[in-house]
Amino acid sequence: MTSGGLAVHEFTVALNEGVADGLMRIVISAPELAAALAPGQFVNIHVPGDASQILRVPLSFSHADAAAGTVEIVYAVVGDGTRRLSEMTAGETSTAVGPCGNPWPTVPAARRACVVAGGVGVTPVVACARMLAASGVAFDAVVGTQTAGKLWGTDVLEGLGAGAVAVTTDDGSAGRRGFTTDALADLLAEKDYDVVYTCGPEVMMAGVARLCRDAGVRCLVSMERMMCCGFGACGTCNVAMADGTYKSCCKDGPVFDAEEVAW
Numbered sequence: 027m028t029s030g031g032l033a034v035h036e037f038t039v040a041l042n043e044g045v046a047d048g049l050m051r052i053v054i055s056a057p058e059l060a061a062a063l064a065p066g067q068f069v070n071i072h073v074p075g076d077a078s079q080i081l082r083v084p085l086s087f088s089h090a091d092a093a094a095g096t097v098e099i100v101y102a103v104v105g106d107g108t109r110r111l112s113e114m115t116a117g118e119t120s121t122a123v124g125p126c127g128n129p130w131p132t133v134p135a136a137r138r139a140c141v142v143a144g145g146v147g148v149t150p151v152v153a154c155a156r157m158l159a160a161s162g163v164a165f166d167a168v169v170g171t172q173t174a175g176k177l178w179g180t181d182v183l184e185g186l187g188a189g190a191v192a193v194t195t196d197d198g199s200a201g202r203r204g205f206t207t208d209a210l211a212d213l214l215a216e217k218d219y220d221v222v223y224t225c226g227p228e229v230m231m232a233g234v235a236r237l238c239r240d241a242g243v244r245c246l247v248s249m250e251r252m253m254c255c256g257f258g259a260c261g262t263c264n265v266a267m268a269d270g271t272y273k274s275c276c277k278d279g280p281v282f283d284a285e286e287v288a289w
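Sequential numbering of the sequence shown, starting at 27, is according to this note's numbering.
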């Protein structure tokens, strides 16, 4: 079943486990979906268990393995939909709409990049790092979260070949105490980057965008909005643009050039 180039894919849960405080990792078996997804896109999942909840849950993915036919999603348990998703067990089935949105773009002739993740924004950032590694682009990473207990993804980034992985926490329980922008400012002063990719809280991404603008480095951001339909029909996920217009996060994004966005 398709709509506007999207497809509804049946999937089977292969694994659903906790990986950090409030963070879960689900791996679903959906061969056609896994083959169609590109880093930076997202899927819209129907979570069974409550017939009154008609909206799907939009989630970014950290790895789409076409060979294995699986999609890995690391998600935060923040509401009823993700709570019910966290309760799904291996063998259970449902459907996912995808691929949704536009992927992270590669930057021609880029030699070195930096990826910056805040909170659960680490999920699409890990997918971006996989893309960079596969393209032979050297990269560093910054991962920020509230506390050490909520930290995930640093070992994955290191395994993908990150030259440096800087960790920041609000309380100083892991890495340096402070914000991702503090660590990024240091890296921008030390190294030459062609592009910075980032996802996380909007205030964080606005700070990353400002640092990149001042350094003359291109910045690409993955925005977060309440994407009710996932294909641009409902108009609930508009993003204000610097030119005074609005674009749909789910259809025109979620990835935008930071210079396009009205921060």
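In this text, a Cβ means the ideal position worked out from N, Cα and C, and glycines have one as well.
Asked	Found
Would DSSP call Cys154 helix, strand or coil?	helix
Any idea what DSSP makes of Asp283, helix, strand or coil?	strand
Between the Cα of Ser248 and the Cα atoms of Gly44, Thr119, Val234 and Val97, which residue gives the shortest distance?	Val234
Are the stretch 156 to 170 and the stretch 249 to 267 in contact at 8 Å, needing three or more beta carbon pairs?	no
Going by C-alpha distance, which of Ser112, Glu98 and Val97 is nearest Val104?	Ser112
Return the chain-ordered list of same chain residues with a C-beta closer than 7 Å to the C-beta of Ala241, the five sequence neighbours on each side being excluded.	Leu214
Hey, Val100 and Tyr223 are a contact pair by Cβ (cut 8 Å); roughly how many whole angstroms apart?	Wrong, their Cβ atoms sit about 17 Å apart, outside the cutoff.
Please return the same chain residues whose Cβ sits closer than 7 Å to the Cβ of Asp218, not counting the five positions on each side in sequence.	Arg138
Locate the beta strand (DSSP E) running through Gly144, then write down its first and last residues.	Arg138 to Gly144
My guess is that Pro125 and Ala64 are in contact by the Cβ rule of under 8 Å, so how many angstroms apart are they, rounded?	7 Å
Would Ala143 be called buried (16 or more neighbouring beta carbons within 10 Å of its own) or exposed?	buried
For the pair the stretch 199 to 210 and the stretch 65 to 74, tell me if three or more CB-CB distances fall below 8 Å.	no
Is Ala153 closer than 8 Å to Leu59 when the C-beta atoms are compared?	no
Would you decide whether Gly185 is buried or exposed? Buried here means 16 or more other CB atoms lie within 10 Å of its CB.	exposed
Near His89, what residues of its chain come up, given a Cβ to Cβ distance below 6 Å and the 5 sequence neighbours on each side ignored?	Glu98
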